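A.B. asks:
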Amino acid sequence: MTGHGGGADGRNGADTEAMAGVGRARLVPVVTIDRADDAVPLASALVEGGLPVMEITLRTAAALDAIGRVADRVPEIIVGAGSVTYAGAAAAAIDAGARFVVSPGFDGGMVRTSHDRGIPVIPGVATATELMQAVALGVATVKVFPADVIGGPRLIEALSAVWPDVRFVPTGGISADNAHRYLALPRVVAVGGSWMAPRSVIAARDWPSITRAAAAAVALVSDLGPR
Ligand code: 3PG
Numbered sequence: 012m013t014g015h016g017g018g019a020d021g022r023n024g025a026d027t028e029a030m031a032g033v034g035r036a037r038l039v040p041v042v043t044i045d046r047a048d049d050a051v052p053l054a055s056a057l058v059e060g061g062l063p064v065m066e067i068t069l070r071t072a073a074a075l076d077a078i079g080r081v082a083d084r085v086p087e088i089i090v091g092a093g094s095v096t097y098a099g100a101a102a103a104a105i106d107a108g109a110r111f112v113v114s115p116g117f118d119g120g121m122v123r124t125s126h127d128r129g130i131p132v133i134p135g136v137a138t139a140t141e142l143m144q145a146v147a148l149g150v151a152t153v154k155v156f157p158a159d160v161i162g163g164p165r166l167i168e169a170l171s172a173v174w175p176d177v178r179f180v181p182t183g184g185i186s187a188d189n190a191h192r193y194l195a196l197p198r199v200v201a202v203g204g205s206w207m208a209p210r211s212v213i214a215a216r217d218w219p220s221i222t223r224a225a226a227a228a229v230a231l232v233s234d235l236g237p238r
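Right, here's the structure in full:
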């Protein structure tokens, strides 16, 4: 869906509804799917646990098929693509049905392709220089990756002091133990992480366990308002 307009992520016609969903959930489960057949039960398990957002990483041959199946069959969830590192991968993910695009780093072609298609893109930054490049292309929300390795909440505070309007989705090394330290920061929209749906648990098709992990994560943010 495009053309909703307005809002911090409405630049370049981006799908503001998808980013609003991320900001409501405050959590982005980052999932890696080895078998496309697992995509729909996984998405359903997350929804059942209260998580209406998921980022499927383009790290497996099944990823694009998985995105397409979720987009078609689980309309309750906002499905995005992760580990998107170049323009062609962004285009393929969007063609498959991704409503948002996430990258571990910054690539101008990937950002432009996503914006041209009206899809919000969350490029990764680890330095002020990368953040400058993202802002120059009209990016409103960045991933800080790998957040816990490169400075954690203190890095985000330092970057926010220079760019008070930029929104952050820190990811990498975040878990139930430290998520609150990030989510307490005013410009952190959501945190991403694989702890809500670990690859091994997906591989084991243990959907009740995924639902429990999702519900436990949702409980962590239940006192927090939307961003
Ligand atoms: C990502 O791609 O964002 C990371 O793999 C997720 O990081 P985590 O596994 O440390 O949560």
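For the sequence shown, our numbering assigns the number 12 to the initial residue and increments by one for each residue that follows.
We treat Cβ as the ideally placed atom computed from N, Cα and C, and that holds for glycine.
As the structure is a computational prediction, the values presented were derived from the model and not from experiment.
If distances are taken between C-alpha atoms only, which option among GLY116, ASP118, VAL136, ARG80 comes closest to ALA109?
C.D. replies: As a working note, residue 109 is residue 98 in the sequence shown. The alpha carbon of ALA109 has as its nearest neighbour, out of GLY116, ASP118, VAL136, ARG80, the alpha carbon of ARG80.
A.B. asks: How would you call TYR193, buried or exposed, if buried means at least 16 neighbouring beta carbons within 10 angstroms?
C.D. replies: The residue you call residue 193 lines up with position 182 of the sequence shown. TYR193 should be labelled buried.
A.B. asks: Less than 8 Å between the beta carbons of VAL180 and ILE167, yes or no?
C.D. replies: Here residue 180 refers to the residue found at position 169 when the sequence shown is read from its first residue. Here residue 167 refers to the residue found at position 156 when the sequence shown is read from its first residue. No, Cβ-Cβ distance for VAL180 and ILE167 is not below 8 Å.
A.B. asks: Among residues of its own chain, excluding the 5 on either side of VAL64, which ones have a beta-carbon nearer than 6 Å to its beta-carbon?
C.D. replies: If you number the sequence shown from 1, residue 64 lands on position 53. Answer for VAL64: GLY32, VAL33, ALA36, VAL39, ILE89, listed in chain order.
A.B. asks: Consider the C-beta atom of PRO86 and the heavy atoms of the ligand 3PG; say whether any pair is separated by less than 7 Å.
C.D. replies: Within the sequence shown, numbered from 1, the residue matching residue 86 stands at position 75. Answer for PRO86: no, Cβ out of range of the ligand 3PG.
A.B. asks: Just to check my reading of the structure: VAL200 and THR152 have Cβ atoms closer than 8 Å, yes? What is that Cβ distance to the nearest angstrom?
C.D. replies: Residue 200 sits at position 189 when you count from the first residue of the sequence shown. Residue 152 sits at position 141 when you count from the first residue of the sequence shown. Yes, VAL200 and THR152 are in contact; Cβ-Cβ is about 6 Å, under 8 Å.
A.B. asks: So which residues touch the region around the ligand 3PG, with touch meaning a C-beta under 5 Å from any heavy atom?
C.D. replies: VAL41, THR182, GLY183, GLY184, GLY204, SER205
A.B. asks: At the level of alpha carbons, what is the spacing between ALA82 and ARG216?
C.D. replies: Taking the sequence shown and counting its residues from 1, the one referred to as residue 82 is at position 71. Taking the sequence shown and counting its residues from 1, the one referred to as residue 216 is at position 205. Cα-Cα distance, rounded: 20 Å.
A.B. asks: Going by Cα to Cα distance, which pick from ARG128, GLY99, ARG198, ALA147 is closest to ALA172?
C.D. replies: Residue 172 sits at position 161 when you count from the first residue of the sequence shown. With distances taken between Cα atoms, ALA172 lies closest to ARG198.
A.B. asks: Around the Cβ of ASP118, are there at least 16 other Cβ atoms within 10 angstroms (buried) or fewer (exposed)?
C.D. replies: One-based indexing of the sequence shown puts residue 118 at position 107. So ASP118 ends up on the buried side.
A.B. asks: Can you look up LEU38 in the DSSP assignment and give me helix, strand or coil?
C.D. replies: Here residue 38 corresponds to residue number 27 of the sequence shown, with the count starting at 1. Correct three-state label for LEU38: strand.
A.B. asks: Pull up the distance between the alpha-carbon of GLY14 and that of ASN189, whole angstroms please.
C.D. replies: Residue numbering aside, residue 14 sits at position 3 when the sequence shown is read from its first letter. Residue numbering aside, residue 189 sits at position 178 when the sequence shown is read from its first letter. At GLY14 the pLDDT is 34, less than 50, meaning the model places this residue with poor confidence; the figure from the coordinates comes in the next sentence. Roughly 36 Å separates the two Cα atoms.
A.B. asks: Let me know the beta strand (DSSP E) ranges lying completely inside the segment 41-69, each 3 residues or longer, listed in chain order.
C.D. replies: You should have 64-68.
A.B. asks: Among VAL212, ASP159, ALA72, ASP127, which has the Cα closest to the Cα of GLY203?
C.D. replies: The residue you call residue 203 lines up with position 192 of the sequence shown. Looking at the Cα atoms, ASP159 is the closest of the given residues.
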